[in-house]
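Engineer:
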């Protein structure tokens with residue numbers, strides 16, 4: 115499904131994305147960039163982190179969703195926003211010295227073609243870097259919801275999984291993908307992100323936003339099934355403790371390389 119309303123997405127995933135973006139920028143930029151492209155900028159988490167770390171960098175954000183670009187424009191400093199697909203970037207060859215992408219790889223159908231395009235618009239010796247969640251083991255904020263839906267509505271859950279995208283399963287896969295794209299000086303890293311929730315409601319309300327595949331799955335449930343999912347999650351996340359603050363830690367895979 116296409117991602118839904120920008121404010122809903124930012125409330126659900128944005129707080130994770132912004133914390134991850136700060137770590138990713140430190141990994142992805144071994145030297146200060148002069149002109150950087152955020153490929154699939156979404157609601158602007160990576161652009162915000164880039165602007166804070168490198169205030170003199172000329173920033174460009176690209177995304178197919180105009181609504182997301184408008185939202186990102188309200189959250190970031192000076193940046194140029196372009197509505198386009200990653201498979202056909204509307205920029206000249208070598209236009210940027212850094213091309214970065216945060217939490218987008220799994221949503222790209224032609225990943226090899228997209229990487230070729232990103233490398234095309236990156237200058238010789240420039241940095242190409244990307245980051246995605248460890249979908250298999252490192253996403254408790256999403257996997258807990260999936261497990262709850264599977265327990266409550268197994269048939270609907272199985273149907274939704276048949277439409278899931280393709281993510282890289284390991285750092286080794288990411289490294290191989292970068293190498294197959296002709297990149298050199300490849301480095302990888304696992305980036306942990308810990309988020310503290312004030313209480314269960316702080317976690318649960320954004321899950322009702324219907325702004326991502328996971329939250330849309332929850333929204334598609336009948337009201338009684340959603341209530342059952344909520345109760346299941348409360349037991350998993352809080353156990354026998356009374357409602358209160360708790361933390362979750364997610365893990366992401368990051369890769370960077372230089373163009374030849």
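In my numbering, the protein residues as written are 115 to 374.
Beta carbons are placed, not taken as given, at the ideal position from N, Cα and C, and that holds for glycine.
Taking the beta carbon of residue 194 as the centre, do at least 16 other beta carbons fall within 10 Å, making it buried, or is it exposed?
Structural biologist: Taking the chain shown and counting its residues from 1, the one referred to as residue 194 is at position 80. Around the beta carbon of residue 194, fewer than 16 other beta carbons lie within 10 angstroms, which makes this residue exposed.
Engineer: Who pairs with residue 311 in a beta bridge, going by DSSP?
Structural biologist: By one-based count along the chain shown, residue 311 stands at place 197. Residue 311 pairs with 360.
Engineer: Can you give me the start and stop residues for the beta strand (DSSP E) that residue 137 sits inside?
Structural biologist: Residue mapping note: residue 137 aligns to position 23 of the chain shown, counting from 1. First-last for residue 137: 129-142, but that is the alpha helix (DSSP H), not the beta strand (DSSP E).
Engineer: Residue 331: which of 138, 250, 268 sits nearest, CA to CA?
Structural biologist: The count along the chain shown starts at 1 and reaches residue 331 at position 217. Residue 268 is the option with its Cα nearest to residue 331.
Engineer: Is the number of C-beta pairs between the stretch 152-160 and the stretch 211-219 that are closer than 8 Å three or more?
Structural biologist: These segments touch.
Engineer: I'd like the list of long-range same chain contacts for residue 243, defined as Cβ closer than 6 Å, with 5 residues on each side in sequence excluded.
Structural biologist: Looking up residue 243 in the chain shown gives position 129. 142, 214, 370, listed in sequence order.
Engineer: Are the Cβ atoms of residue 149 and residue 209 separated by less than 9 Å?
Structural biologist: Along the chain shown, one-based indexing puts residue 149 at 35. Along the chain shown, one-based indexing puts residue 209 at 95. Yes, they are a contact pair.
Engineer: Residues in the same chain with beta-carbon distance under 7 Å from residue 310, minus the five sequence neighbours each way, listed in chain order, please.
Structural biologist: Taking the first residue of the chain shown as 1, we reach residue 310 at position 196. Within the same chain, and ignoring the five residues on either side of residue 310 in sequence, the residues whose Cβ sits closer than 7 Å to its Cβ are 359, 361.
Engineer: Taking only the alpha-carbon atoms, compute the straight-line gap between residue 229 and residue 333 and give it to the nearest angstrom.
Structural biologist: As a position in the chain shown, residue 229 is number 115, starting the count at 1. As a position in the chain shown, residue 333 is number 219, starting the count at 1. Each residue's alpha carbon lies about 34 Å from the other.
Engineer: Any idea what DSSP makes of residue 207, helix, strand or coil?
Structural biologist: Within the chain shown, the letter at position 93 stands for residue 207. Note: residue 207 maps to coil in three-state DSSP.
Engineer: Using three-state DSSP, classify residue 115 as helix, strand or coil.
Structural biologist: Along the chain shown, read from residue 1 onward, the residue named residue 115 stands at position 1. With a pLDDT of only 42 at residue 115, under 50, the local geometry of the prediction cannot be trusted, and the value read off the model is given with reservation. If DSSP states are grouped into helix, strand and coil, residue 115 belongs with coil.
Engineer: According to DSSP, simplified to helix, strand and coil, what is residue 223?
Structural biologist: Mapped onto the chain shown, residue 223 falls at position 109. Note: residue 223 maps to coil in three-state DSSP.
Engineer: Leaving out five residues on either side along the sequence, give the residues of the same chain with a beta carbon under 7 Å from the beta carbon of residue 166.
Structural biologist: Position 52 of the chain shown, counted from the first residue, corresponds to residue 166. Taken in chain order, the list of residues that qualify is empty.
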